Amino acid sequence: MPKNKKTVGESLTVMTNIVLPNETNSLRNLFGGELLAKMDRCAAIAAARHCARRVVTASVNHVSFDKPIPEGGIVVLEAKVSRAFSTSMEIYVDVWLDDPIRQTKVHTNDGIYTFVAVDEYNVPVPIPEAIPETDQEIERWNAALRRKELSLILGGRMKAEDSVELKKLFSK
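In the UniProt record's numbering, the protein residues as written are 1 to 172.
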């Protein structure tokens, strides 16, 4: 693959941790903030793998807390680039509760982060295109542009009539 293009799968980052007592709340479940920090670190590594640059977190776009992760649970985080733009990239993080004794893996949470690649002066720099290969990667790649445009519109940085994705929704 050319240097200015990388597959989404090349950024895959997997982190596995056991939930310790000092990471839990009064219900003995992983603190939400602890999970956010783990997700941010995992996403940062995936972003850096994609662009081979230093990266900074630009935003946490979405996080779901669907199921609690108990003390002693084994939490597995999987992050990879869902789409790359000129200097920023969206990273999708899936969180799983792994039970090696029962041999089960349950999806508990997910999150979407935006990272920006920067040079030594913290100036944004161009990054490689992300090429999706699997059905899930293609679905997330397509949805990333919709999410970005919606965010720009809601933030007042794009007019709704300039949105390519909104036009697709309302055209015949």
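Even for Gly, the Cβ is constructed at its ideal location relative to N, Cα and C. Just so you know, these numbers come straight off a predicted model, no measurement behind them.
Checklist line | Among Glu10, Pro21 and Asn25, nearest to Val81 - alpha-carbon criterion | finding: Glu10
Item checked: Rounded Cβ spacing between Gly111 and Met39 (contact assumed at less than 8 Å) -> 5 Å
Next item on the list: Kindly indicate which three-state DSSP category Arg49 falls into: helix, strand or coil?
Entry: helix
Notebook entry, point to check: Beta-carbon separation of Ala43 and Ala79 under 8 Å?
Noted result: yes
Note to self: Rounded to whole angstroms, what is the Cα-Cα separation between Ser163 and Glu149?
What the structure shows: 6 Å
Item checked: Spatially closest choice to Asn22 from Thr16, Thr13, Met15 and Glu34, by CA coordinates -> Glu34
Checklist line | Separation of Phe31 from Lys67, as counted between CA atoms | finding: 12 Å
Notebook entry, point to check: If we call anything under 8 Å between Cβ atoms a contact, is Phe115 one with Ile91?
Noted result: yes
Item checked: Alpha-carbon to alpha-carbon, Asn142 and Glu161 -> 19 Å
Checklist line | Met158, DSSP secondary structure in three states | finding: coil
Next item on the list: Kindly indicate if chain D contains any beta-carbon less than 8 Å away from that of Lys5.
Entry: Structure shown: chain D not included; a single protein chain is present.
Next item on the list: Could you pull the start and end residues of the beta strand (DSSP E) that Glu165 belongs to?
Entry: It is not in any beta strand (DSSP E) - Glu165 instead sits in the alpha helix (DSSP H) that spans Val164 to Phe170.
Notebook entry, point to check: Going by alpha carbons, who is nearest to Glu120 out of Arg54, Leu20, Ile101 and Glu71?
Noted result: Arg54
Note to self: Do Ile69 and Val63 count as a contact pair if the criterion is CB distance below 8 Å?
What the structure shows: no
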